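**Student:**
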Amino acid sequence: MRVDEFRTGLRAWLDEHDLRPVHDGGLDGELAQLSRVRRALFEAGWMRRGWPEHAGGLGGPVILRAVLGEEVMARNLADPGLYTLIEVLAPTLIRYGSPDAVAFVPTLLAGEETWCQGFSEPGAGSDLAALSTRAVRDGDAWVIEGQKVWTSLAQFAERCVLLARTGGPGHRGISAFLMDMDSPGITVRPIKTMHGRDEFAEVFLDGVRVPAARMLGAEGQGWEIAMSILPDERSSCFWQRITYLYTRLDRLLAEAPAASERQIGEAYLDLHAVRSRSRLTQHRRDRGETLGAETSIDKVLLATAEQCLYDTAREALPGVVEYGSSSWQEEYLYSRAATIYGGTAEIQRNIIAKRLLSLGDE
Amino acid sequence: MIDASDLALLSSGLRSAMETEAPDGLDAALVELGWHDLLEEAPDEAVALVFGLLGETGAHAPVLNDVLLHSMKRPLGGVVALAESGLAFGRPCVASDGLDPALGLCRVEWEPLGAEALAAGRRALGFQLVGAARAALELAREHALARTQFGRPVASFQAVRHRLAETLVALEAAEAALGHASDPMTAKLGKALAGRAGLTASRHCQQVLAGIGFTAEHRFHRFARRILILDDLLGSASALTAEIGGDLRAAGRAPRLVDL
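Keeping their order, the protein sequence lines are chains W and U.
Residues in the first sequence are numbered consecutively from 1, following the UniProt record's numbering.
Residues in the second sequence are numbered consecutively from 1, following the UniProt record's numbering.
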């Protein structure tokens with residue numbers, strides 16, 4: 001099934017099936033809505049397109065996942081950040097998981113389960129390879145000790161894709177696991193964030209036993225697994241975020257009809273820039289090309305566009321961020337993180353300088 | 001469509017003409033190399049190729065006239081005013097006043113440009129701006145790697161690296177947008193992003209080139225001059241951005257212009 005056929009069919013289906021949210025905007029409500037949307041799209045087959053058949057999908061080009069995300073965002077059916085999480089979780093399982101682990105993927109696609117990603121640590125943010133959570137082999141299990149941070153939705157998750165150190169320092173000593181979040185020894189503490197939506201958590205791991213069969217890939221392959229997420233994050237995920245931002249600009253135009261032309265133009269120009277760039281990236285991926293350092297350009301453009309858009313909203317709707325209680329306030333604050341999560345703006349520029357411009361070492 | 005091997009051959013032929021011919025000779029040399037046929041047969045590719053190379057090499061031939069004439073379905077080889085002031089690329093190309101005499105700007109009678117011609121012209125200038133920005137980036141990159149201060153190449157300082165990274169981001173964005181800039185709105189967006197990329201490249205590359213970049217003995221100044229004029233012609237980044245904002249306000253919606 002190709003893009004146009006998929007899009008036309010999907011739009012017709014969405015016109016007939018009302019999945020618009022009916023909740024108060026809280027995190028619990030968002031998650032329930034997300035499950036509802038996923039379940040309906042999974043049962044109708046839309047959510048299964050672009051995912052391999054052995055993982056519960058219906059096959060077809062990966063680009064269909066971006067098209068689905070675009071339509072979901074265009075209708076504001078789900079929170080964009082929460083919706084895109086599967087793009088950084090399921091592909092890892094599919095590529096590196098044992099058949100038993102892959103068997104979990106449909107539960108994720110169908111909205112039956114929520115998963116989280118245990119990568120960052122207090123001492124390993126931008127420098128992820130410095131992570132110090134340890135996994136020690138004990139019979140048929142690995143015993144995990146350590147701490148994770150910025151783990152989105154850990155307090156809601158049934159499972160976690162976890163990185164831990166099984167060997168010496170550096171990239172090579174890291175392995176990946178699929179850990180059940182109800183295992184004894186796990187303590188989750190949600191983090192209060194400045195935008196008021198406590199979707200992140202700290203995860204304390206105190207002698208948590210993970211069956212040896214739940215290791216993803218081989219021992220020491222964790223870094224490769226973590227990096228393999230990049231193409232998914234930088235293609236489908238980004239496209240969904242971009243299309244979501246267009247809906248925000250639509251809303252701004254509706255709410256601020258007298259906004260400065262120059263500022264609206266700047267915000268739109270930034271969105272058009274990242275959309276044009278990301279479109280090329282989606283098609284490169286669709287043709288089977290390997291995505292790499294050049295997607296740091298997409299990342300910089302996306303973060304820039306997001307912050308410019310919300311800066312424009314703040315100026316065009318005076319006081320809406322400072323005094324109101326509309327969602328602009330939360331969204332504005334969240335946009336400040338766009339240059340931090342998923343690799344800071346500085347790390348992206350370092351990668352561009354070294355890998356794309358061949359400027360040598362710092 | 002031009003196939004890949006023909007394109008590579010054509011590209012090297014065009015580049016070598018641009019690097020060796022004087023402005024007046026280049027206009028004729030491009031015709032010899034098949035510019036008119038290319039424009040008739042594969043205008044999108046021809047314009048992307050020729051204007052990208054003009055930008056990169058810093059050469060000039062008054063071929064923007066042909067792009068406008070082609071979209072107006074008039075015979076090629078004439079001169080078309082680009083602004084109400086009558087500003088145009090002269091044919092033959094005679095050194096003129098202003099920031100970039102090699103462009104041979106002159107004044108002719110003004111006739112308002114139709115939307116299609118305007119779009120075609122903006123797209124062409126966009127490719128030239130991106131080419132010029134790439135050339136400026138390459139000059140700054142080479143300098144940063146070669147120039148040593150405090151016992152290390154200046155390319156090893158993060159502040160310098162980030163300026164160059166920022167330049168690459170801007171020009172890649174513009175190039176992506178120009179890939180789909182065939183109608184009036186996308187051409188406007190493409191030209192605005194290209195103007196922005198050009199100005200970004202000028203600012204960052206001049207700073208990285210520092211002293212040497214301020215001399216007329218280094219090639220950088222030619223690109224800096226050209227970028228200012230290319231940005232201004234047929235709508236600067238700043239003017240187009242405001243115009244685009246006005247279009248959006250009038251429509252009340254942000255169009256999604258490039259689909260998967």
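Note that the Cβ used here is the ideal one computed from N, Cα and C, for glycine as well.
Quantities reported herein were computed from a predicted structural model and do not represent experimental measurements.
What does residue 199 of chain W touch in chain U if you count any residue whose Cβ is under 8 Å from its own?
**Tutor:** Per Cβ cutoff of 8 Å: no residues; residue 199 of chain W is ~27 Å from chain U at best.
**Student:** Whether or not the segment 221-229 of chain W and the segment 148-156 of chain W are in contact is what I'm after, with contact meaning three or more pairs of Cβ atoms, one per stretch, closer than 8 Å; do they touch?
**Tutor:** no
**Student:** Anything in chain W within Cβ reach of residue 158 of chain U, meaning under 9 Å, just list it in chain order.
**Tutor:** 346, 349, 350, 353 and 362
**Student:** I want to know whether the segment 140-147 of chain W touches the segment 92-107 of chain W - three or more CB-CB distances under 8 Å.
**Tutor:** A contact between stretches requires three or more CB pairs, one per stretch, nearer than 8 Å, and the segment 140-147 of chain W fails this requirement with the segment 92-107 of chain W.
**Student:** Distance cutoff 8 Å, beta carbons only. Does residue 241 of chain U sit that close to anything in chain W?
**Tutor:** yes
**Student:** Per DSSP, what are the beta-bridge partners of residue 148 of chain W in this structure?
**Tutor:** Looking at the DSSP output, residue 148 of chain W shares a beta bridge with W/203.
**Student:** Using 8 Å as the threshold, is the C-beta distance between residue 278 of chain W and residue 298 of chain W below it?
**Tutor:** yes
**Student:** Since I believe residue 166 of chain W is in contact with residue 220 of chain W (beta carbons under 8 Å), could you give me their beta-carbon distance rounded to a whole number of angstroms?
**Tutor:** In this structure residue 220 of chain W is in contact with residue 166 of chain W, their Cβ atoms being roughly 7 Å apart against a cut-off of 8 Å.
**Student:** Closer than 8 Å is the cut-off here; do at least three beta carbon pairs connect the segment 111-125 of chain W with the segment 256-271 of chain W?
**Tutor:** no
**Student:** So for residue 233 of chain U, helix, strand or coil by DSSP?
**Tutor:** coil
**Student:** Using a Cβ-Cβ cutoff of 7 Å, what residues of the segment 325-337 of chain W are near chain U? List them in chain order.
**Tutor:** none
**Student:** Please look up how many angstroms separate the CB atoms of residue 119 of chain U and residue 187 of chain U, rounded, as I've assumed it's under 8 Å.
**Tutor:** 4 Å
**Student:** Just how far apart, CA to CA, sit residue 112 of chain W and residue 39 of chain W?
**Tutor:** 7 Å
**Student:** Is there a Cβ of chain W sitting closer than 8 Å to that of residue 153 of chain U, yes or no?
**Tutor:** Interface residue, yes.
**Student:** For residue 244 of chain U, go through chain W and note every residue whose CB falls closer than 7 Å to its CB, in chain order.
**Tutor:** 265, 268 and 269
**Student:** Can you tell me whether residue 339 of chain W is buried or exposed, with buried defined as 16 or more other CB within 10 angstroms of its CB?
**Tutor:** buried
**Student:** State the Cα-Cα distance for the pair residue 139 of chain U and residue 161 of chain U, rounded to the nearest angstrom.
**Tutor:** 14 Å
**Student:** So, helix, strand or coil for residue 141 of chain W, using DSSP?
**Tutor:** strand
**Student:** Checking 8 Å against the spacing of the C-beta atoms, do residue 70 of chain W and residue 147 of chain W come in under that value?
**Tutor:** The Cβ atoms of residue 70 of chain W and residue 147 of chain W do not sit closer than 8 Å to each other.
**Student:** Report the neighbours of residue 48 of chain U on chain W: residues whose CB is nearer than 7 Å to its CB, in chain order.
**Tutor:** The premise fails here: residue 48 of chain U is roughly 14 Å from chain W at the closest Cβ pair, so nothing lies under 7 Å.
**Student:** For residue 22 of chain U, tell me which candidate among U/6, U/58, U/88 and U/129 has the shortest Cα-Cα distance.
**Tutor:** U/58
**Student:** Check each residue of the segment 165-176 of chain U: if its Cβ is closer than 8 Å to any Cβ of chain W, include it; give the result in chain order.
**Tutor:** The residues in question are 165, 166, 168, 169, 172, 173, 174 and 176.
**Student:** For chain W, find out if any of its Cβ atoms is closer than 8 Å to the Cβ of residue 131 of chain U; answer yes or no.
**Tutor:** no
**Student:** Does any residue of chain W bring its CB to less than 8 Å from the CB of residue 252 of chain U?
**Tutor:** yes
**Student:** In the segment 268-350 of chain W, which residue ranges form an unbroken alpha helix (DSSP H) of at least 4 residues, counting only runs that do not cross its ends?
**Tutor:** 295-316 and 327-335
**Student:** Residues of chain W with a CB under 8 Å from the CB of residue 34 of chain U: which are they?
**Tutor:** The contacting residues do not exist; residue 34 of chain U stays about 28 Å from chain W at best.
**Student:** Expressed to the nearest angstrom, what Euclidean distance is found between the alpha-carbon atoms of residue 129 of chain W and residue 223 of chain W?
**Tutor:** 8 Å
**Student:** Assuming the contact rule is C-beta atoms closer than 8 Å, residue 82 of chain U and residue 178 of chain U should be a hit. Round their C-beta distance to whole Å, please.
**Tutor:** Contact between residue 82 of chain U and residue 178 of chain U is ruled out by a C-beta separation of about 19 Å, above the 8 Å threshold.
**Student:** Alpha helix (DSSP H) containing residue 94 of chain W: first to last residue?
**Tutor:** 90-96
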